[in-house]
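Using UniProt numbering, you'd call the opening residue of the sequence shown number 1 and step up by one each time.
Backbone N, C-alpha and C fix where the C-beta goes; we use that ideal spot for every residue, glycine too.
Worksheet: the structure to be examined is printed underneath.
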Amino acid sequence: MPLPQLAVYRQDRENRALITLSGEIDLESVPLVRASLERCLRDGIRAIDVDLISVTFCDCTGLNAFLRAAQQATVVGGTLRLHHPPPTLARILDLAGCGFLLLGLPFGHVPPPLVDTPATRVPAPPHGPVPLAPVLSGDVR
């Protein structure tokens with residue numbers, strides 16, 4: 001059985017980046033997520049928006065990668081925000097109580113319902129519709 005693939009697309013605007021992920025984020029693919037987010041910070045990006053609308057699954061290893069990248073961004077005066085988390089990640093954020101760190105919600109704010117509908121998704125990143133080109137993709141082994 002082939003390993004799930006994860007594609008990473010990046011669009012920069014000045015010191016802001018939109019990272020769009022497509023596929024599954026798990027133990028096998030999380031190194032690609034980490035490398036992509038770390039590369040943004042090394043390139044001087046200070047505001048990272050991660051669009052997860054095309055992510056079909058994300059487990060706690062993905063959450064850990066996002067929390068670590070958010071912490072690294074904060075250290076250099078930046079931010080990392082998740083947009084359109086899949087239901088599995090929304091549930092983990094809810095259970096862990098850390099949605100305010102990654103979704104831009106005020107502390108103690110009740111996150112949206114875990115039903116995955118357009119009305120319950122986090123607002124889109126502030127970037128307009130821009131065609132994205134793949135930066136990294138493939139089978140992480």
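In the DSSP assignment, V50 falls within the unbroken beta strand (DSSP E) covering 47-58.
A check of alpha carbon separations from N64 across I19, S29, S54 identifies S29 as the nearest.
Around the beta carbon of A69, 16 or more other beta carbons lie within 10 angstroms, which makes this residue buried. Residue nearest to A17 within the set D26, R42, L101 is R42 (criterion: CA-CA distance). Residue burial is scored here from C-beta neighbours: E14 has fewer than 16 other C-beta atoms within 10 angstroms and is therefore classed as exposed. No Cβ-Cβ contact shorter than 9 Å links V55 with F66.
Going by DSSP, S36 is part of the alpha helix (DSSP H) stretching over 30-42. About 6 Å separates the Cβ atoms of G62 and V33, confirming a contact at the 8 Å cut-off.
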